[in-house]
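For reference, the structure is listed below as structure tokens.
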Amino acid sequence: MSNEWPLWEIFIRGQHGMSHRHVGSLHAPDAEMAIKNARDVYTRRNEGVSIWAVEAVHIAASSPEEKGPLYEPSNSKVYRHPTFFDIPDEVGSM
Amino acid sequence: MYAQMIKTARSGVKNREEMSDQEREFQDRIDRDEKIEPKDWMPDDYRATLIRQMGQHAHSEVVGQLPEGNWITRAPTLERKAILLAKVQDEAGHGLYLYSAAETLGESRDELVRLLHEGRMKYSSIFNYPTLNWADIGAVGWLVDGAAIVNQVALQRTSYGPYSRAMIRICKEESFHARQGYHAIMQMAFGTPAQKAMAQDAVNRLWFPAIMMFGPNDSESTHSEQSMAWKIKVKSNDELRQQFVDQTVPQIEYLGLDLPDPGIKWNEERGHYDFSDPDWNEFFDVIKGNGPCNVDRLKDRVDAWEDGAWVRDGLLAHARKKSARTAAE
Ligand SMILES: [Fe+2]
Ligand SMILES: [Fe+2]
Numbered sequence: 001m002s003n004e005w006p007l008w009e010i011f012i013r014g015q016h017g018m019s020h021r022h023v024g025s026l027h028a029p030d031a032e033m034a035i036k037n038a039r040d041v042y043t044r045r046n047e048g049v050s051i052w053a054v055e056a057v058h059i060a061a062s063s064p065e066e067k068g069p070l071y072e073p074s075n076s077k078v079y080r081h082p083t084f085f086d087i088p089d090e091v092g093s094m
Numbered sequence: 001m002y003a004q005m006i007k008t009a010r011s012g013v014k015n016r017e018e019m020s021d022q023e024r025e026f027q028d029r030i031d032r033d034e035k036i037e038p039k040d041w042m043p044d045d046y047r048a049t050l051i052r053q054m055g056q057h058a059h060s061e062v063v064g065q066l067p068e069g070n071w072i073t074r075a076p077t078l079e080r081k082a083i084l085l086a087k088v089q090d091e092a093g094h095g096l097y098l099y100s101a102a103e104t105l106g107e108s109r110d111e112l113v114r115l116l117h118e119g120r121m122k123y124s125s126i127f128n129y130p131t132l133n134w135a136d137i138g139a140v141g142w143l144v145d146g147a148a149i150v151n152q153v154a155l156q157r158t159s160y161g162p163y164s165r166a167m168i169r170i171c172k173e174e175s176f177h178a179r180q181g182y183h184a185i186m187q188m189a190f191g192t193p194a195q196k197a198m199a200q201d202a203v204n205r206l207w208f209p210a211i212m213m214f215g216p217n218d219s220e221s222t223h224s225e226q227s228m229a230w231k232i233k234v235k236s237n238d239e240l241r242q243q244f245v246d247q248t249v250p251q252i253e254y255l256g257l258d259l260p261d262p263g264i265k266w267n268e269e270r271g272h273y274d275f276s277d278p279d280w281n282e283f284f285d286v287i288k289g290n291g292p293c294n295v296d297r298l299k300d301r302v303d304a305w306e307d308g309a310w311v312r313d314g315l316l317a318h319a320r321k322k323s324a325r326t327a328a329e
């Protein structure tokens, strides 16, 4: 068995009521240490108020090759955008 | 630079006719300044070159802690000690960002560390010079991190997404490094004659090693063409070196110190400072392992790794036991 600590992906919420954002990764033996290490590595200058750590093996990702078929359903529905509809200026902002 | 003389995995640049459809599409993405992401298709040589460059860059951040760590316990004031400690801690973080970026290409950090310890990967030549006194610590922050910044600002535009993002993050932290160094040197340059002499001596000794950081002259660096085409490298060695000299000469003059190279002269026609070449034989010698501190630096890294093994293993064993217990419940 490899003795390398597992890889964790780190997500941090900044100060301003934002959602958590991926900031990078690190190695740690367990979740508790992952959060401690994330504190040391990714919040040395008040970059965050909340940390999520997720073991990298648990992240499922879409594959770039499927880009076409995966996003096609939204490409063909231009009417989902407000600019699709011409509303006369007289109506005012909408 | 922090990554010097990275051999591109192939020599010469492939022209469009030689490329497969996939390769052509890849090159088009790069030419459009699109970022390449970990799961995207990429040529094997692109991947290999990047791993080599990011790995060497990461090693430089980590080994670069040694010459400065040397002075943490001997800083002249408690404030300077705290500042230096914070600076060196940042460098550990930089190493981590870069190892993480390399890991996105499937190369493990342990493997990169192993290659370093076996002498099969390198780190920047600059860290094979000693830091003899406190003035050197100021000069390192100012000149060495200053040179690193010039390189790293350019690399923010590198084509590989994770590398570019690591550079952006690093650049945000670097200006603290350069400024604390310059500030320390300022105090000495404007201090007693003895302090000023120490500042001058540090600049004299570190100037040429600092400008060597950018690597050999463009005419000598035969491997960078493909790296430039792939935007793994964004500016040439000589371009970056010139930029560093132009920004640093006025900073030396402000301190009232003598220029460390009699060849430095403003060239009205070029709009740049002329300067002398460093001793390139010395550079290649240091790269080969014969610098003043090569042996010590590598030994310190290997010792730190081996001495820390029981902590890494212990924590991992504990984590495995804990998760086995949770699973059993
Ligand atoms: Fe750094
Ligand atoms: Fe730095």
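Same order as they appear, the protein sequences are chains A and B. First residue of the first sequence? That's 1 in the UniProt record's numbering, and the numbers climb one at a time after it. First residue of the second sequence? That's 1 in the UniProt record's numbering, and the numbers climb one at a time after it. Using N, Cα and C, we set each Cβ at its ideal position, and we do this for glycine too. Predicted, not measured: the structure shown is a model, and the values here were computed from it.
- B/R47 has its alpha-carbon roughly 27 angstroms from the corresponding atom of A/A38.
- By DSSP's assignment, A/H27 forms a beta bridge with A/L7.
- Looking from the CA of B/S323, the closest CA among A/A31, A/E9 and A/W8 belongs to A/A31.
- Against chain B, a Cβ distance below 9 angstroms from A/M33 picks out L315 and A319.
- Between B/R297 and B/N128, the C-beta spacing is below 8 angstroms.
- Those residues of the region 78–96 of chain B placed with their C-beta closer than 9 angstroms to a C-beta in chain A are A86, Q89, D90, A92, G93 and L96, ordered along the chain.
- Between B/Q152 and B/E174, the C-beta spacing is below 8 angstroms.
- Contact fails between the region 165–182 of chain B and the region 114–122 of chain B, because fewer than three Cβ pairs, one in each stretch, are under 8 angstroms apart.
- A contact is defined here as three or more CB-CB pairs under 8 angstroms, and the region 100–115 of chain B meets this definition with respect to the region 47–62 of chain B.
- When A/F84, A/V49 and A/S2 are compared, the shortest CA-CA separation from A/H20 is found for A/V49.
- For the region 15–28 of chain A, the set of positions with a beta-carbon nearer than 9 angstroms to some beta-carbon of chain B reads V23, G24, S25, L26, H27 and A28 in chain order.
- Among the bridge pairs identified by DSSP, A/A53 is matched with A/I10.
- With its beta carbon less than 8 angstroms from one in chain A, B/R312 belongs to the interface.
- A/Y79 carries a helical assignment under DSSP once its states are collapsed to helix, strand and coil.
- For B/D274, the uninterrupted beta strand (DSSP E) run begins and ends at H272 to D274, by DSSP.
- Counting only runs that start and end inside the region 12–52 of chain B, the alpha helix (DSSP H) elements of at least 4 residues fall at 21–31.
- The C-alpha of B/I83 lies about 43 angstroms from the C-alpha of B/W41.
- Look at A/W8: its C-beta is not under 8 angstroms from any C-beta on chain B.
- Closest by C-alpha distance to B/A210, out of B/I126, B/A304 and B/D258, is B/I126.
- CA-CA distance, B/A202 to B/D136, rounds to 5 angstroms.
- Residues are counted here when their Cβ sits less than 7 angstroms from a Cβ of chain A; for the region 94–122 of chain B these are L96, Y97, S100, E103, S108, R109 and D110, given in chain order.
- Only residues of its own chain outside the window of five on either side were considered, and among them H20, R21, V23, A38, Y42, T43, E47, G48, S50, I51 and W52 have a CB closer than 8 angstroms to the CB of A/I12, listed in chain order.
- Each residue's CA atom was taken as its position, placing B/W71 and B/L132 some 9 angstroms apart.
- Taken from the Cβ of B/E68, every heavy atom of ligand 1 lies 7 angstroms or farther away.
- Residue pairing by DSSP puts B/W266 in a beta bridge opposite B/Y273.
- If you draw a straight line from the Cα of B/Q65 to the Cα of B/G215, it is about 21 angstroms long.
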